[in-house]
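First the structure, in the form of C-alpha cells, and then the observations on it.
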Amino acid sequence: MQKRIVIIGGGIVGLATAMQLHEKLPDVKIVILEKENDVARHQSGHNSGVIHSGIYYKPGSNKAKNCTEGYAKMLRFCDEQNIPYQLIGKLIVANDEKQKIKLDQIYNNGLNNGLKNIKVLKKEEIQNLEPNVRSKYAIHVPQAGIVDYKLVSQKMRSCLEGQGVEVLTNKKAIAIDSVHQVLRVACEDESLYEADFLVNCAGLQSDRICALAGINSPYRIIPFKGVYYYLNENKKEIVKSLIYPVPDPNFPFLGIHYTKLMNGQQTLGPNAILAFDRENYANQDINWKDLQSILSYKGFWKLIGKHWNVGLTEYFRNYSKHYFAFKASEMTPGIVATDLTESSSGIRAQVIDRDGNMVDDFAVLKAKQMIHICNAPSPAATASLSIGDQIAQMITEGIS
Ligand SMILES: Cc1cc2nc3c(=O)[nH]c(=O)nc-3n(C[C@H](O)[C@H](O)[C@H](O)COP(=O)(O)OP(=O)(O)OC[C@H]3O[C@@H](n4cnc5c(N)ncnc54)[C@H](O)[C@@H]3O)c2cc1C
C-alpha cells in the first residue's frame, strides 16, 4: 500500500519539507494541511525578506549549517523558478569598542561558516559604501540579499501541486490520533487524514500541535511582535544595502535594521515586544487563550525576571515613534519620526524553555512516526530548503 505523509503547516518550512520529501520519496503520497486560505499567511509572509548569509551563527549549530546550505539552495530555487532577488549586501555596524568585540566574533563566525569575501571595514571605507551611515566599524557581507518569501512560498506550492502533492487550505488540524499504527489527523471541517508519518511545521502553533499529538514538549511558543516602518519618499534612498546593528547576544533577534523590499520600499524594523495574540498583526488586542498560555508558563516568568528592563525599553520604542527614530539615528543620523510611516508587522514564534531561556537554535523533536519542528525562527526562511532536506532525510531512514 502507498505510504502517506501528512505535513501540518503551509508556511515556507512545511512547503520546503514537502519538496525535499517528494524528491527523495516520489512514490509516497504527501499532503499539506494549512488552516488559512492560502500558504505563507503567517511568519513566511510577514518577515524582513532577507536572504541571510549565515554569518551570525555559532559554527556547528543547526542555524549555521542550515543557513549556509539553505542560502545556496534558495538562490538555486529562485534561479530555476525565475523568482527575482537582489544580492545587495549588508553592513553590520558597531560604534564602540564593546560592540567591536562582538563584531569580531561575528566576523570569525562568518569565516568559520565558510563565508567568502566578508570584510571588516574602517570608517572611511564605510563612508564610501554608505555615506549616510555613521559607524566606527562595520562588516561588509556582500552575499546578503533580499527576496519576497511569500512569492517563494507560492512558487513552492505550484511546483508541489504540479508534482501531485496536495496542498490543502482551510484545513485546521484539531486532533491527532497517534495510538494506532496509522496516524489520524482530524480537521475542523470534520475531514480526516490518515498517515504513516506526520511532520509538524505549524510555526506559531507548533507547541499546540505537539500537545495534540500527545508529546510532552519542553518548549512553549511565546509570540514576539515586530513592527516595521516605511521610510518616506525623501529618505527612501538613505541607504543602499541592508544595515544591521550588532545584535545583543542575549537575544535571538537581530535588532532593528534597514531592509529594502523587492518592490523598492525601504523599511526600518522590526522591534520585539510580547504579543498577546499569536496571529493578530493589526493591533495589540488580547487573545485570552494565547495570554493564558503565556502567563501559565513558568519559563515565561523566569524570562521576565531576567530581562524585564529590555522588555520595558522595547515597549517604549514601540509606543514612541520618536524613540524608534532616535535609536535608528544612532546608525543613520538625521532620521526623525516624521520620516517614518508605520507599515506592517510580523510575529515571531519564539520558543522559551522551562528555565526561561530563549531557544536560539533550530529545534526538532522526534517521536514514533512523527517529527515536530519546534523552533524555526529567523533565518528559517533562508534555511527552509536545507531544514526540509534534513527532515526528509530523517524520514527516509525511518519510513523505508
Ligand atoms: C518579523 C520577522 C522577520 C523575519 N525576517 C526573516 C528574514 O529576513 N530572513 C529569514 O530567513 N527569516 C526571517 N524570519 C523568520 C522566518 O520568516 C520564519 O522562520 C519562517 O517563515 C518560519 O516558517 P514556518 O513555515 O515554520 O512558519 P509559518 O510561516 O508561521 O507557517 C506555519 C503555518 O502553519 C499553519 N498552521 C498552524 N497551526 C495549524 C493547524 N492546526 N492546522 C493547519 N495549519 C496550521 C499556519 O497557518 C502557518 O501557515 C523572520 C520572522 C519574523 C516573524
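Each step along the sequence shown adds one to the number in the working numbering, with nothing skipped, and position 344 is 519.
Glycine included, each C-beta is placed from N, C-alpha and C at the ideal position.
Computed from a prediction, not measured in an experiment: that's the story for all the values here.
Asked, Found
"Does the beta carbon of Ile183 fall short of 6 Å from some heavy atom of ligand 1?", "yes"
"Could you spell out the range, first to last residue, of the alpha helix (DSSP H) harbouring Tyr282?", "272-287"
"Given a threshold of 16 other Cβ atoms within 10 Å of its Cβ, counted over all protein chains shown, does Ala386 qualify as buried or as exposed?", "exposed"
"What do you reckon, are the CB atoms on Thr516 and Tyr405 nearer than 7 Å?", "yes"
"Pick from Tyr394, Lys273, Val511: whose alpha carbon is nearest that of Phe475?", "Tyr394"
"On the criterion of 16 or more Cβ atoms from any shown chain inside 10 Å, does Gln568 qualify as buried, or is it exposed?", "exposed"
"Just mark Arg529 as buried or exposed, buried being the case when its beta carbon has 16 or more other beta carbons within 10 Å.", "exposed"
"Between the C-alpha atoms of Ile413 and Ser471, what's the straight-line distance to the nearest angstrom?", "45 Å"
"Name the DSSP beta bridge partners of Pro398, please?", "Ala524"
"Which whole-angstrom value describes the C-beta separation of Val188 and Cys376, a residue pair presumed to lie in contact below a C-beta threshold of 8 Å?", "5 Å"
"Do Val268 and Ser310 have their C-beta atoms closer together than 7 Å?", "yes"
"Roughly how many angstroms separate the alpha carbons of Thr442 and Pro422, rounded to a whole number?", "18 Å"
"Residue range of the beta strand (DSSP E) that Arg179 falls in?", "179-183"
"Relative to ligand 1, is the shortest distance from any of its heavy atoms to the C-beta of Cys376 smaller than 6 Å?", "yes"
"Got a sec? Which residues, its chain only, sit under 8 Å from Ser366 by beta carbon, not counting five neighbours each side?", "Lys346"
"Taking three-plus beta-carbon pairs below 8 Å as touching, is the region 319-334 in contact with the region 295-310?", "no"
"Just the C-alpha distance for Gly531 and Gly339, rounded to the nearest angstrom, thanks.", "43 Å"
"Using a Cβ-Cβ cutoff of less than 6 Å, which residues in the same chain neighbour Val316 once the five nearest sequence positions on both sides are dropped?", "Ser228, Ile230, Lys265, Ile293"
"What three-state label does DSSP hand Ile469 in the structure shown?", "helix"
"Output the distance between the C-alpha atoms of His217 and Leu373, rounded to the nearest integer angstrom.", "21 Å"
"Apart from the five residues on each side of it in sequence, which residues of its chain come closer than 7 Å, Cβ to Cβ, to Gln473?", "For the sequence presented, residue 473 should be read as Lys rather than Gln. Only Arg529 meet the Cβ criterion."
"Looking only at its own chain, which residues have a Cβ that is under 7 Å from the Cβ of Gly289, when we skip the five neighbours before and after it?", "Thr243"
"Go to Lys248, then tell me how far its alpha helix (DSSP H) extends in each direction, as first and last residue.", "237-255"
"For the candidate residues Ile396, Phe499, Asn425, whose alpha-carbon lies nearest to that of Gln467?", "Ile396"
"By the DSSP assignment, the beta strand (DSSP E) with Leu429 in it spans what residues?", "Leu429 -> no beta strand (DSSP E), and no H or E assigned at all."
"Please tell me whether Gly563 and Gln195 are closer than 7 Å, where the distance is taken between their beta carbons.", "yes"
"Could you pull out every residue in the same chain whose Cβ sits closer than 7 Å to the Cβ of Ser416, ignoring the five residues on either side in sequence?", "Ile263, Gly264, Lys265, Leu266, Glu305"
"Quick check on the burial criterion: 16 or more other C-beta atoms within 10 angstroms. Buried or exposed for Met176?", "exposed"
"Tell me the DSSP bridge mates of Ile546?", "Val374, Lys541"
"Say the cut is 6 Å; is the CB of Gly320 nearer than that to a heavy atom of ligand 1?", "no"
"Would you decide whether Asp371 is buried or exposed? Buried here means 16 or more other CB atoms lie within 10 Å of its CB.", "buried"
"Reducing DSSP to helix, strand and coil, say where Met506 ends up.", "coil"
"List the residues that DSSP assigns as beta-bridge partners of Ile267.", "Ile314, Tyr419"
"Could you check whether the Cβ of Ser553 sits closer than 6 Å to any heavy atom belonging to ligand 1?", "yes"
"Once the 5 residues before and after Ala542 are set aside, which same chain residues still bring their CB inside 6 Å of it?", "Ile390"
"With hydrogens ignored, establish whether the beta-carbon of Val327 is closer than 6 Å to any heavy atom of ligand 2.", "With respect to small molecules bound, the structure shown includes ligand 1 and not ligand 2."
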